[in-house]
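What follows is a set of notes on a single structure, which appears directly below.
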Amino acid sequence: MSEMSGMSESSNMSKKYDIQAVLFDLDGTVLDTSAGIVRSIKDTIEHFGLKELPDSELYKFIGPPIEWSFEDKLGCTGEMNKKVSAYFRERYSNSNLLMATPYEGMFEFLKFLKDKGIPTGIATYKKDDYAKRLLCHFDFDKYCTTIHGSDYENKLTKADIIELCIQDMKVEDKSKVLMVGDSKHDATGASNIGTLFAGVSFGFGFGEFGGEDINDYEHIIYVDKMMDLAGLFE
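Read in order, the letters of the sequence shown correspond to residues 32 to 265 in the working numbering.
Put into structure tokens, the structure is as follows:
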């Protein structure tokens, strides 16, 4: 259990950390990508005649590899999983990828970190090419020292992706890296690699539709607004 499990107004907010680099998840942390992903899932369900799901379940597809979600939520395995996943990617990449919105305060916080000389990066389960297209489109790449996404074989774990970013940033002490994310995948990835973790409430895991409890995972803070994280820095 973390030393801080409350919201951003907690008195523990006054504690400072020697943070040398900050990594962010993408979906549900930097960008609200729900519109494009949900539209692509609905297109896929309709195309293959799969069971229709309420939006509350479709939001749970956001974050982990899409193959996992099609198997978990719709029972698609083997060749069927490959077909539905490929169709989803075609719809998402060619039609719906840029249906996204930066979260309030994201650019402000990146500027704050840049002014303090703290390098930043993106560590996401989103496919690497999708992540880079999105981040470049919204000009986030201008702030990022490194961007790493998932591979198409789903061999990389979240911890692997975080590790690749840390290598790029050349930070030797992983305990001085902060991973910011909205889901259990971000929290467990940070824990497995040995970084600090901060959770955000406005994404898809710990948020309204995700149903995940931040208090089940080690974290130093849980915030409603990105700029609330500024109080962690010396």
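The beta-carbon is built from N, C-alpha and C at its ideal position, and this holds for glycine as well.
Buried/exposed call for residue i, threshold 16 Cβ in 10 Å
i, result
"residue 36", "Confidence in residue 36 is poor, its pLDDT being 40 and thus under 50, which makes the residue's placement unreliable; the coordinate value appears in the next sentence. Buried: at least 16 other Cβ atoms inside 10 Å."
"residue 123", "buried"
"residue 39", "Reliability of the predicted coordinates at residue 39 is poor, the pLDDT of 39 falling under 50, and no value is obtained from them."
"residue 34", "The predicted position of residue 34 is uncertain, since its pLDDT is 40 and thus under 50; no value can be drawn from it."
"residue 168", "exposed"
"residue 216", "buried"
"residue 243", "buried"
"residue 148", "exposed"
"residue 127", "buried"
"residue 87", "exposed"
"residue 201", "exposed"
"residue 90", "buried"
"residue 150", "buried"
"residue 166", "buried"
"residue 194", "buried"
Rounded C-alpha distance that separates residue i from residue j
i, j, result
"residue 210", "residue 254", "13 Å"
"residue 97", "residue 161", "13 Å"
"residue 263", "residue 142", "15 Å"
"residue 159", "residue 94", "13 Å"
"residue 120", "residue 76", "13 Å"
"residue 42", "residue 252", "The pLDDT assigned to residue 42 is 35, lower than 50, so where the model puts this residue is not dependable, and the model offers no usable value."
"residue 78", "residue 109", "18 Å"
"residue 246", "residue 237", "10 Å"
"residue 250", "residue 229", "6 Å"
"residue 176", "residue 80", "43 Å"
"residue 32", "residue 227", "The predicted model places residue 32 with a pLDDT of 33, which falls under 50 and marks its position as unreliable; any figure quoted below should be read in that light. Distance between the alpha carbons of residue 32 and residue 227 is about 13 Å."
"residue 47", "residue 111", "50 Å"
"residue 73", "residue 83", "8 Å"
"residue 204", "residue 179", "19 Å"
"residue 225", "residue 206", "6 Å"
"residue 117", "residue 58", "20 Å"
"residue 106", "residue 212", "27 Å"
"residue 234", "residue 214", "8 Å"
"residue 101", "residue 260", "34 Å"
"residue 56", "residue 50", "17 Å"
"residue 172", "residue 138", "11 Å"
"residue 232", "residue 146", "25 Å"
"residue 256", "residue 220", "22 Å"
heavy atom of the ligand ATP below 7 Å from residue i C-beta
i, result
"residue 52", "You won't find the ligand ATP in this model; it holds no ligand whatsoever."
Those residues which DSSP pairs with residue i across a bridge
i, result
"residue 58", "62"
"residue 48", "264"
"residue 228", "210"
"residue 179", "154"
"residue 132", "63"
"residue 253", "230"
"residue 19", "One cannot answer for residue 19 here, as it falls past the ends of the chain, which runs 32 to 265."
The region 56 to 68 contacting the region 129 to 139, beta-carbon criterion three pairs below 8 Å | yes
Open item on the list: With a threshold of 8 Å, are at least 3 pairs of Cβ atoms found where one atom belongs to the region 148 to 157 and the other to the region 189 to 202?
Closed with: yes
- Query: Counting only runs that start and end within the region 60 to 118, where is the beta strand (DSSP E) found for 3 or more residues in a row?
  - Reply: none
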